[in-house]
Amino acid sequence: MSRTLQQFVLILLAGALLLLAGWSSYSVYKYSSEVADIKRDYSELNSITHGIMSVNIWRDHLTTMVLNRIDEFEFTEAQEDTLVHQVENILTAGIDKGADILDQKQKGIKAKLRKFAVKTLVPEDKIRALVPMFAQTIVNEIQKPENKEALKYVIKSKLQEYSDLTYDDSQIATLRIKALLDKYEVEDLIEFNKKIPEKIFDLEAETYFHTYILLGIIGVFLLLWWLLRNQKAVHTPLFIISVLVSLVVLFSGLTAPMIEIDARFQQVNFSLIGESITFNDQVIFFQSKSILEVIGILLNTGKIDSYFVGFLILVFSIVFPVAKLLATQIYLAGNDKARKNKVLKFFAFKSGKWSMADVYVIAVFMAYIGFQGILDNQLSNLNMETDSLVSISTNKTSLQPGFMIFIGFVLFSLILSTILKRITTTEKKIIKQEK
176 MSRTLQQFVL ILLAGALLLL AGWSSYSVYK YSSEVADIKR DYSELNSITH GIMSVNIWRD
236 HLTTMVLNRI DEFEFTEAQE DTLVHQVENI LTAGIDKGAD ILDQKQKGIK AKLRKFAVKT
296 LVPEDKIRAL VPMFAQTIVN EIQKPENKEA LKYVIKSKLQ EYSDLTYDDS QIATLRIKAL
356 LDKYEVEDLI EFNKKIPEKI FDLEAETYFH TYILLGIIGV FLLLWWLLRN QKAVHTPLFI
416 ISVLVSLVVL FSGLTAPMIE IDARFQQVNF SLIGESITFN DQVIFFQSKS ILEVIGILLN
476 TGKIDSYFVG FLILVFSIVF PVAKLLATQI YLAGNDKARK NKVLKFFAFK SGKWSMADVY
536 VIAVFMAYIG FQGILDNQLS NLNMETDSLV SISTNKTSLQ PGFMIFIGFV LFSLILSTIL
596 KRITTTEKKI IKQEK
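Position one of the sequence shown corresponds to residue 176 (the working numbering), numbered consecutively onward.
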């Protein structure tokens, strides 16, 4: 096979892989961004602020519990006896007060005649003897279904009135919750929590599918380099396309989330007055960020130390790696004069020691291990199990596709640097032999 044909076939194959890498890179960015947005909305709607720590939620739960207890209320024998006794005391107190009024000295003939008539016609001793019967009759009347329902209605109306006075008047939060529910075309949080997990699962599956395609393409290019290691005629076009693939992979690694920190109560169950109050998936803390998002946050804080850290990450983890890849392209395609440029040679061969992309990968991994350990330790203290309270906390912190892709970029770029040195060394040997 002629040299030209070899190069044509290689460019055709590698170009197809480059297009596939570009499509997968964009797909990873698209799907991972969508997943991150949905998870942020999910964490906001299921935040402990709107759940276990919400005044309105507790008001609704407690009001419902008490209303249920009112509906179920029936007098026991002991309670009936106590009520009869209390009614007897009230009636006796009324009789005593009436007797005291009659015993007072009356002025005028009319008042004296009224006192005489009452004492003669209304025997106090007989009335006192009838007090227990009157008390029992009153209690029996109260326990009639129609009277009991009327009494319950009065109590529930008053309870509802007090409930309406107890609320968290946060109009902004209410409007925000409504906007999020409308965004996903659901009526309430229950419907949202049923609909969203399946959508997240499907989007994550798509994200990882395209992530594995990107990593697989890197593997294919490395395999091509091994198979064609002695075919010097195709090294230059293969290297150029390899660098382009590396840049495509870098784009995906920079824009896709690298680490996700998620701490939540999986379940909290309270037992109050015989009823259960349950909160599920109460998010305590959630963050999911890509490298570019982290840099943006650091640069926008307005603090000098954060700005400095953000600038360092930007320069040494993004600018230097990109400059190095572009410099290798220019160096390989350039003439002798261009290759002697000190800046070009620095970025092509010596900037690797200044690039901190590999250091950043290690830092993210160490941060993941640190967060995992800290959250596991702290959340374990929130796990409780008593007669009235059961709480189960969970740590869902995880590394995301962006981390895997960025590792792939770092390793691929390091290998390409080694390949460039071998290509240039071989070219120099050939030039010397020709001379």
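Even for Gly, the Cβ is constructed at its ideal location relative to N, Cα and C.
As the structure is a computational prediction, the values presented were derived from the model and not from experiment.
Residues sharing a beta bridge with residue i, DSSP
i	result
Ser446	Ser451
Lys464	Ile434
Phe587	Paired residues: none, contrary to the question.
Met559	Ser566
Phe440	Gln457, Ser568
Leu574	Ile434
Ser222	Val458
Separation of residue j from residue i, as counted between CA atoms
i	j	result
Ala498	Ala431	21 Å
Thr386	Gln462	21 Å
Phe384	Tyr206	11 Å
Glu560	Ile302	59 Å
Gln346	Asp216	18 Å
Leu355	Gln181	56 Å
Ala304	Gln335	42 Å
Lys596	Glu468	34 Å
Leu116	Thr224	Residue 116 lies beyond the range of the chain shown here (176 to 610); nothing can be said about it.
Ser446	Ala196	55 Å
Ser208	Asn243	45 Å
Ala310	Val259	6 Å
Ile452	Phe584	49 Å
Ala508	Gln575	36 Å
Leu187	Lys571	44 Å
Ala380	Phe521	41 Å
Val361	Phe376	18 Å
Val424	Gly190	15 Å
Leu192	Leu402	16 Å
Leu220	Phe587	41 Å
Ile470	Phe460	20 Å
Gln318	Glu450	25 Å
Leu389	Ile582	12 Å
Thr593	Phe495	17 Å
Leu473	Ser465	12 Å
Asp437	Asp256	57 Å
Val409	Leu185	7 Å
Tyr506	Leu378	41 Å
Ser332	Phe250	21 Å
Leu501	Leu589	14 Å
Met579	Ser421	14 Å
Gln442	Ile434	24 Å
Ser222	Arg439	9 Å
Boundaries of the alpha helix (DSSP H) in which residue i is found, first to last residue
i	result
Leu390	364-402
Ser481	479-489
Met308	306-317
Tyr359	Where Tyr359 is concerned, there is no enclosing alpha helix (DSSP H), given that its DSSP letter is neither H nor E.
Ile505	495-508
Lys517	517-520
Endpoints, the beta strand (DSSP E) within which residue i is located
i	result
Asn570	564-570
Cβ-based neighbour list, residue i, same chain, cut-off 8 Å, excluding 5 preceding and 5 following
i	result
Glu316	Asn322
Tyr359	Asp216, Phe367, Lys370, Ile371
Tyr157	Absent from the structure is residue 157, since the part of the chain shown begins at 176 and ends at 610.
Leu266	Val306, Phe309, Ala310
Glu373	none
Glu252	none
Gln406	Gln181
Neighbourhood of residue i by C-beta, 7 Å cutoff - its chain only, sequence neighbours within 5 removed
i	result
Gly226	Ile232, Phe454, Gln457
Ala211	Pro432, Ser463
Thr382	Val203, Tyr206, Ser207, Val210, Pro576
Leu350	none
Glu612	The displayed coordinates of the chain run from 176 to 610. Any statement about residue 612 would go beyond what the structure contains.
Ser218	Val458, Phe461
Val314	Glu255, Leu258, Val259, Val262
Contact test: residue i Cβ vs the ligand NAD heavy atom, cutoff 7 Å
i	result
Tyr506	Looking at this structure, you won't find the ligand NAD or any other ligand, since it has none at all.
Examine the Cβ distances between the segment 475-491 and the segment 386-399 and report whether three or more of them are shorter than 8 Å. Verdict: no, contact absent.
Are the segment 404-424 and the segment 484-495 in contact at 8 Å, needing three or more beta carbon pairs? The segment 404-424 vs the segment 484-495: no contact.
Stretch-stretch touch, CB-based, cutoff 8 Å, three pairs: the segment 228-243 with the segment 358-372: Touching, no, given that fewer than three Cβ pairs across the two stretches are closer than 8 Å.
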